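See structure below.
2 protein chains.
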Amino acid sequence: MKVLGVDLGGTYIKAAVVNEKGDIFWKKTVETPAGYEAVAETIAQLALEVIEKHEIVGVGIGTPGSIDHEKGVVRYSPNLKWRDVPFADLVTKKSGCKTYIENDANAFVLGEKWFGAARGCEHVVALTFGTGIGGGVISHGRLITGHMGIGAELGHIIVEPYGPLCGCGSRGCLESIASASAVARLAKQWLVKYPGSMMLEMVEDEERIDARVVFEAYKKGDLLATIVVEYVSDAIARAVGAYVQFFNPEVIVFGGGMARSADVFIPLVERRAPLYMMPSFVGTYRIVKSELLEDAGIKGAASIVFENLKYGGRGKNGTE
Amino acid sequence: MKVLGVDLGGTYIKAAVVNEKGDIFWKKTVETPAGYEAVAETIAQLALEVIEKHEIVGVGIGTPGSIDHEKGVVRYSPNLKWRDVPFADLVTKKSGCKTYIENDANAFVLGEKWFGAARGCEHVVALTFGTGIGGGVISHGRLITGHMGIGAELGHIIVEPYGPLCGCGSRGCLESIASASAVARLAKQWLVKYPGSMMLEMVEDEERIDARVVFEAYKKGDLLATIVVEYVSDAIARAVGAYVQFFNPEVIVFGGGMARSADVFIPLVERRAPLYMMPSFVGTYRIVKSELLEDAGIKGAASIVFENLKYGGRGKNGTE
Numbered sequence: 040m041k042v043l044g045v046d047l048g049g050t051y052i053k054a055a056v057v058n059e060k061g062d063i064f065w066k067k068t069v070e071t072p073a074g075y076e077a078v079a080e081t082i083a084q085l086a087l088e089v090i091e092k093h094e095i096v097g098v099g100i101g102t103p104g105s106i107d108h109e110k111g112v113v114r115y116s117p118n119l120k121w122r123d124v125p126f127a128d129l130v131t132k133k134s135g136c137k138t139y140i141e142n143d144a145n146a147f148v149l150g151e152k153w154f155g156a157a158r159g160c161e162h163v164v165a166l167t168f169g170t171g172i173g174g175g176v177i178s179h180g181r182l183i184t185g186h187m188g189i190g191a192e193l194g195h196i197i198v199e200p201y202g203p204l205c206g207c208g209s210r211g212c213l214e215s216i217a218s219a220s221a222v223a224r225l226a227k228q229w230l231v232k233y234p235g236s237m238m239l240e241m242v243e244d245e246e247r248i249d250a251r252v253v254f255e256a257y258k259k260g261d262l263l264a265t266i267v268v269e270y271v272s273d274a275i276a277r278a279v280g281a282y283v284q285f286f287n288p289e290v291i292v293f294g295g296g297m298a299r300s301a302d303v304f305i306p307l308v309e310r311r312a313p314l315y316m317m318p319s320f321v322g323t324y325r326i327v328k329s330e331l332l333e334d335a336g337i338k339g340a341a342s343i344v345f346e347n348l349k350y351g352g353r354g355k356n357g358t359e
Numbered sequence: 040m041k042v043l044g045v046d047l048g049g050t051y052i053k054a055a056v057v058n059e060k061g062d063i064f065w066k067k068t069v070e071t072p073a074g075y076e077a078v079a080e081t082i083a084q085l086a087l088e089v090i091e092k093h094e095i096v097g098v099g100i101g102t103p104g105s106i107d108h109e110k111g112v113v114r115y116s117p118n119l120k121w122r123d124v125p126f127a128d129l130v131t132k133k134s135g136c137k138t139y140i141e142n143d144a145n146a147f148v149l150g151e152k153w154f155g156a157a158r159g160c161e162h163v164v165a166l167t168f169g170t171g172i173g174g175g176v177i178s179h180g181r182l183i184t185g186h187m188g189i190g191a192e193l194g195h196i197i198v199e200p201y202g203p204l205c206g207c208g209s210r211g212c213l214e215s216i217a218s219a220s221a222v223a224r225l226a227k228q229w230l231v232k233y234p235g236s237m238m239l240e241m242v243e244d245e246e247r248i249d250a251r252v253v254f255e256a257y258k259k260g261d262l263l264a265t266i267v268v269e270y271v272s273d274a275i276a277r278a279v280g281a282y283v284q285f286f287n288p289e290v291i292v293f294g295g296g297m298a299r300s301a302d303v304f305i306p307l308v309e310r311r312a313p314l315y316m317m318p319s320f321v322g323t324y325r326i327v328k329s330e331l332l333e334d335a336g337i338k339g340a341a342s343i344v345f346e347n348l349k350y351g352g353r354g355k356n357g358t359e
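Protein chains in written order, with the working numbering: chain A, 40 to 359; chain B, 40 to 359.
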């Protein structure tokens, strides 16, 4: 059985034909046009290209923002600047193929459950470290979405009450300290105190310091990078303490661009997380790197369809 | 349909015959004997007293500690000092009546869903403020227990990274700041700075200051009490921010002994909680006082049976 997985971003639309094992048969990336009608048309055209040849049984779309997955409505997307767009129905009509839509972080955790690091797990917490921090939770085999479909938002837990101001208006959210952009910002802020940092030699212009540079410099023993990475890992460990105690997961998956450096920070997070949880939870979970990485978006989107076909969707009352 | 609900504590066993509407037909409290065999015998005797007359269809036991509700095993109970006791089977054998056991905080949230402030809700967060802080979560209509049955532990989220040392070994857990005993401890600690506090006149001996006294003094405008209550409410608000963003609940129920003063601190928590969550979550939930209060233990225990009879228990894989 094959489906079309669509990773809908503000700049690009990435699409792929994926089967239930996660094999990819076709892949295409196009620019995101302006306006939801044009975006729906573009996705429908991509679907029509492959529907017959691959016998596509459904289209799954993952996109950032607040999604009512039950009604298939994009409530609010800051990236696309949409409000209350009944997008799934629109694509279903234009393509003739049943379309499902879900928040991209929720799609990510579904993708890891179907095809990635959380295969066979019924209790999974997943985080994507990118410009922001997205999160999704599978509990007792199913996605936690909450009564309005806007859960589980894991990146805005307060880990440092008087910490940096976050875009959401709170202070000291995990996202304000541990997203890829926050890591870069912290390093640049503190450069004035560590003017000998090798990071200055690693880039042409100090403005080009990004999370990747920080983690590279950490591996080489740079002091500023060490301070930043330890500070960030401690903040992540504090959030992990909450995730573990609330959801009692088997596995916590770290994804997103910054997960390419997960081999550096996972051991640091593992080391400190026990400080932030009851003893009975210590050793009950694993922290692992996403197995999907580059394909996380399209495979996550594809898994939305498989999840819906398997369980028939999740109604407001939790029954199928 | 009637069941026997049993609230098993370290000092007393409280039992009641309860129907699915929450009506109580019979009630009895006895002292908790030493040793799990004697406790099982005592509960079985209570069951045998009422089984025929009330046509009891099951026994539900709520107790503090780590419970494997699926196997009916008390993994670890600090109050009773038990480890790995297959208690539900023991009571089933002695009484001839099918027995279920669950952690008391999980029983509490089930009780509020079946009979209390969360009737008809599918997404509920519940906290009990007592000597410690217990918590339970219903998501998509079902209890979240996690892969080992030890979730959702809500009271040990870190709300102040360098805060007071908690019994669990962490610093600044919600429990270390906002449990009834923490509220009393904070007031007594700070008395030396506020020697004019009216709390000193409200009790014979300053050691007798408890949470109730603090909230009474707050209502009368006492400065120290105001500082304690505002500090505690802010800590609770920070935790509420996490609960709301993770679970997107319709309702958050505050119970336990300290909930008798909930009319004082709920408005304070409501006022500050928006500081600690993304704007999209503001206004999506209600915070309410437990409706069961005195009977929360026995009604919660009774609801364990109704929940199991309705859904047939919850297997490890989330299927029924």
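Glycine included, every Cβ here is placed at the ideal spot set by N, Cα and C. Quick caveat: nothing in here was measured; it's all calculated off a predicted structure.
Hey, S134 (chain A) and A86 (chain A): beta-carbon distance below 8 Å or not? The answer is yes: Cβ separation under 8 Å.
Taking the alpha-carbon positions, what's the Q228 (chain A) to E192 (chain A) distance? 28 Å
Would L43 (chain B) pass as a contact of I106 (chain B) if the rule is Cβ separation under 8 Å? In this structure, I106 (chain B) does not lie closer than 8 Å to L43 (chain B) by Cβ.
CB G101 (chain B) to CB A146 (chain B), shorter than 8 Å? yes
Does the distance from the CB of G104 (chain A) to the CB of D128 (chain A) come in under 8 Å? no
Taking the alpha carbon of I343 (chain A) as the point to measure from, which residue in A:A144, A:A156, A:G202 has its own alpha carbon closest? Looking only at A:A144, A:A156, A:G202, the smallest Cα-Cα distance to I343 (chain A) is reached by A:A144.
Does the stretch 161-177 of chain A come close enough to the stretch 263-282 of chain B that 3 or more CB-CB pairs lie under 8 Å? no
First through last residue of the beta strand (DSSP E) which encompasses T138 (chain A): Where T138 (chain A) is concerned, the enclosing beta strand (DSSP E) stretches over 138-142.
Neighbouring residues, chain A, relative to F285 (chain B) (Cβ below 9 Å): G174, V176, I183, G185, G190, A191, E192, L193, I196, A281, Y282, F285, F286
Taking the straight line between their C-alpha atoms, what separation do you get for L225 (chain A) and I216 (chain A)? L225 (chain A) and I216 (chain A) have their C-alpha atoms some 8 Å from each other.
In whole angstroms, what is the alpha-carbon distance linking L47 (chain B) and A256 (chain B)? Going by the C-alpha atoms only, they are around 33 Å apart.
Smallest Cα separation from D273 (chain A): which of A:G322, A:V231, A:E88, A:V222? A:V222
Starting from the C-beta of K66 (chain B), find all residues in its chain whose C-beta is less than 6 Å away, skip the five residues before and the five after it, and write them out in chain order. A55
Can you find the residues in the same chain that come closer than 6 Å, C-beta to C-beta, to I82 (chain B), ignoring five residues on each side of it along the sequence? Exclusion of the five residues before and after I82 (chain B) leaves V45, V130 as the residues of its chain whose Cβ lies within less than 6 Å of its Cβ.
8 Å Cβ cutoff met for V253 (chain A) and M237 (chain A): no
For R158 (chain A), go through chain B and note every residue whose CB falls closer than 7 Å to its CB, in chain order. Those within 7 Å of R158 (chain A) in chain B number zero; the least Cβ separation is about 14 Å.
Are any of the Cβ atoms in chain B nearer than 8 Å to that of L314 (chain A)? yes
Does DSSP classify L166 (chain B) as helix, strand or coil? Here L166 (chain B) sits in strand by DSSP.
Would you mind giving the Cβ-Cβ distance between V279 (chain B) and A156 (chain B), rounded to the nearest angstrom? I have them listed as a contact below 8 Å. With 8 Å as the limit, V279 (chain B) and A156 (chain B) do not qualify as a contact, their Cβ atoms being about 16 Å apart.
If we ignore side chains and look at the alpha-carbon of each, how far apart do F154 (chain B) and A79 (chain A) end up? 46 Å
Return the CA-CA distance between Y302 (chain B) and A165 (chain B), expressed in angstroms with no decimal places. Just to set this straight, residue 302 (chain B) is Asp in the shown sequence, not Tyr. Approximately 16 Å between the Cα atoms of the pair.
I'd like to know whether the C-beta of R277 (chain A) is nearer than 8 Å to at least one C-beta of chain B. yes
Please report the residue range of the alpha helix (DSSP H) in which S300 (chain A) lies. S300 (chain A) -> no alpha helix (DSSP H), and no H or E assigned at all.
From this set, B:L149, B:T184, B:I90, which residue's C-alpha is nearest E161 (chain A)'s C-alpha? B:T184
Can you find a C-beta in chain A that's less than 8 Å from the C-beta of P103 (chain B)? It does not; no Cβ of chain A falls within 8 Å.
Would you check if the distance between the CB atom of P318 (chain B) and the CB atom of C207 (chain A) is smaller than 8 Å? yes
Inter-residue spacing [alpha-carbon to alpha-carbon] between R310 (chain B) and V271 (chain A): Straight-line Cα distance between these residues: approximately 30 Å.
State yes or no: is the C-beta of T138 (chain B) within less than 8 Å of the C-beta of V98 (chain B)? yes
With the cut-off set at 8 Å, would you say H93 (chain A) and F64 (chain A) are in Cβ contact? For H93 (chain A) and F64 (chain A), yes; Cβs fall inside 8 Å.
On a Cα-Cα basis, can you pick out the residue from B:P203, B:A250, B:I140, B:K41 that is closest to S300 (chain B)? B:A250
Proximal residues of chain A, C-beta to C-beta of H162 (chain B) below 7 Å: G185, H186
Per DSSP, I106 (chain B) forms a beta bridge with which residues? B:V113
Which whole-angstrom value is the C-beta distance of G260 (chain B) and F168 (chain B), which I expect to be below 8 Å? Taking the Cβ atoms as the reference, G260 (chain B) lies roughly 23 Å from F168 (chain B), outside the contact range of under 8 Å.
Just curious, the beta strand (DSSP E) that K232 (chain A) is in, first and last residue? No beta strand (DSSP E) contains K232 (chain A), which DSSP labels as neither H nor E.
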